[in-house]
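Visitor:
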Amino acid sequence: MLLSAFPVLLLVTSIGSGLLYQRTENDIFKVLAIASAVACLMWGLVIAHWSIHLLGLILLLKLRTPLYKAIEVKVSDR
1095 MLLSAFPVLL
1105 LVTSIGSGLL
1115 YQRTENDIFK
1125 VLAIASAVAC
1135 LMWGLVIAHW
1145 SIHLLGLILL
1155 LKLRTPLYKA
1165 IEVKVSDR
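Letter 68 of the sequence shown, counting from 1, is numbered 1162 in my numbering, and no numbers are missing.
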């Protein structure tokens, strides 16, 4: 039972670290909050179910910005 709740706990911890980062003015606490948020997000993604990975991939593919703009090329008609 705890194994299925562990990714949720990691997500809550990373969100809490992000909120702590926004509220603190001391540099060492900012670094610690960012490091714990990154570690919790990475660990949470490692132990996540494959459906979460698939959902993240679909979101990344839908939300990405195109690297190149389409160029219109005029072709002469002979």
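Note that beta-carbon positions come from the ideal geometry of N, C-alpha and C, so glycine has one too. As the structure is a prediction and not an experimental result, all values here were calculated from the model.
(1) Spatial neighbours of Ala1142 within its chain, please: C-beta separation below 7 angstroms, excluding the five flanking residues on both sides.
(2) Quick one: measure Cβ to Cβ for Leu1139 and Ala1127, integer angstroms, because I've assumed they're closer than 8 angstroms.
(3) Looking at Leu1135: is its Cβ nearer than 8 angstroms to the Cβ of Ser1170?
(4) Would you mind reading off the limits of the alpha helix (DSSP H) that contains Lys1124?
(5) If I measure Cβ to Cβ from Leu1104 and keep anything under 7 angstroms in the same chain, skipping five residues before and after, which residues do I get?
Guide: So, from the listed chains and residues:
(1) Pro1101
(2) Contact between Leu1139 and Ala1127 fails: their C-beta atoms lie close to 19 angstroms from each other, not under 8 angstroms.
(3) no
(4) Asp1121 to Val1140
(5) Cys1134, Trp1137 and Gly1138
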